[in-house]
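For reference, the structure is listed below as structure tokens.
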Amino acid sequence: MEMRKKRLVFLCLTLALLSSCALDEPMVQTDGEAEITEEIKFVALTFDDGPHAGTTERLLDGLEERGVHATFFLIGSEIPGNEDLIRRMQEEGHQIGNHTWSHIRLAGPSSSQAEEEISKTDALLTSILGKGTYWLRPPYGQVAEGIEVRVPMVKWSVDPRDWETRNTSQVVRAIVEAVQPNSIILLHDIYQTSVDAALEVVDTLQKEGYCFVTVEELLANNDIVPEPGILYRTGTG
Ligand SMILES: [Zn+2]
């Protein structure tokens, strides 16, 4: 048990360093590790349905200013013309994933169409960013059995329904009221109101000791080794 705790402490510290999280205390080598770990609460912001010139760019500026890493699940058909934005996401340490080519429901009868929607976006991401594992967020959070998915999949645990209200303060309130350590927050960076809400949420939660990491980092932090074809709901499993 003692060994396990030590390992977790180390992992948390490594992640905090990698994701340049703002910590109240200056980073130290070995002294006070346990103290720092107790203060850090990890959380993941995820953005679906982009990229969208303008709003996504403003979001990236705001995240960069705040030293925050997020995860973007992109619609393939929205990528052409926005390649520079995608490269910027990668350069600035964000995780980039797949949200199908045309936002189809992966519950339909034709698995070959579904698989093509996933592989076409994967191929475009690979051509822009290089070889990688581009995780999938199935639109509507659903994927039918029989559809072959060769990467890990991620759902969410906090949904402020930003696409419905399009109201910054309502979205902020919904997230801040529901958030817990290891939450995966769902937002859409195609709306100005959602971008404003995301940045306000970062400012609020960073003051409460939250540290924003990518989904991949969040799962690793919980000792979860992501497997292809499995739909993960939250960092706590
Ligand atoms: Zn979507």
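Per mature numbering (1 follows the signal peptide of the UniProt record, and there is no 0): the sequence shown = residues -24 to -1, 1 to 213.
Ideal Cβ positions, reconstructed from N, Cα and C, are used throughout, including at glycine.
Just so we're clear, the structure is a prediction, and the values are computed from it rather than from any experiment.
Are residue 160 and residue 109 close, meaning C-beta to C-beta below 9 Å?
-> Within the sequence shown, numbered from 1, the residue matching residue 160 stands at position 184. Within the sequence shown, numbered from 1, the residue matching residue 109 stands at position 133. Contact: no.
Where in the stretch 70 to 116 do unbroken runs of the beta strand (DSSP E), each at least 3 residues long, occur, reported from the N-terminal end onward?
-> 71 to 74
So is the beta-carbon of residue 28 under 8 Å away from any non-hydrogen atom of ligand 1?
-> Within the sequence shown, the letter at position 52 stands for residue 28. Not one heavy atom of ligand 1 sits closer than 8 Å to the Cβ of residue 28.
Answer with buried or exposed for residue 114, where buried requires no fewer than 16 other C-beta atoms within 10 angstroms of its C-beta.
-> For this step, residue 114 is matched to residue 138 along the sequence shown. Flag for residue 114 reads buried.
Count the CB pairs spanning the stretch 133 to 141 and the stretch 99 to 108 that are closer than 8 Å, and state whether there are at least three.
-> no
Near ligand 1, which residues have their beta-carbon less than 6 Å from any of its heavy atoms, given in chain order?
-> My final list is 24, 25, 75, 79, 115.
Pick helix, strand or coil for residue 22, following the three-state DSSP scheme.
-> Here residue 22 corresponds to residue number 46 of the sequence shown, with the count starting at 1. In the structure shown, residue 22 sits in a strand (DSSP, three-state: E or B).
If you count every other CB in all the chains shown that lies within 10 Å of the CB of residue 266, and 16 or more means buried, which is it?
-> Because the chain spans -24 through 213 in this model, residue 266 falls outside it and cannot be assessed.
So, using beta-carbon positions, are residue 27 and residue 74 closer together than 9 Å?
-> Looking up residue 27 in the sequence shown gives position 51. Looking up residue 74 in the sequence shown gives position 98. At the C-beta level, residue 27 and residue 74 stay beyond 9 Å of one another.
Who are residue 47's beta bridge partners in DSSP?
-> Walking along the sequence shown from the start, residue 47 turns up at place 71. Within the DSSP bridge table, the entry for residue 47 names 22, 71 as partners.
Are the beta-carbon atoms belonging to residue 148 and residue 120 less than 9 Å from one another?
-> The residue you call residue 148 lines up with position 172 of the sequence shown. The residue you call residue 120 lines up with position 144 of the sequence shown. No; because the gap between Cβ atoms is not below 9 Å, this pair is not in contact.
Can you give the Cα-Cα distance for residue 79 and residue 170, rounded to whole angstroms?
-> As a working note, residue 79 is residue 103 in the sequence shown. As a working note, residue 170 is residue 194 in the sequence shown. The straight-line gap from Cα to Cα measures roughly 19 Å.
Whose C-alpha, out of 168, 186, 200, is nearest the C-alpha of residue 29?
-> Here residue 29 corresponds to residue number 53 of the sequence shown, with the count starting at 1. Nearest C-alpha to residue 29: 168.
Is residue 49 closer than 9 Å to residue 18 when the C-beta atoms are compared?
-> In the sequence shown, residue 18 corresponds to position 42, counting from 1. In the sequence shown, residue 49 corresponds to position 73, counting from 1. No, these two residues do not count as a Cβ contact at 9 Å.
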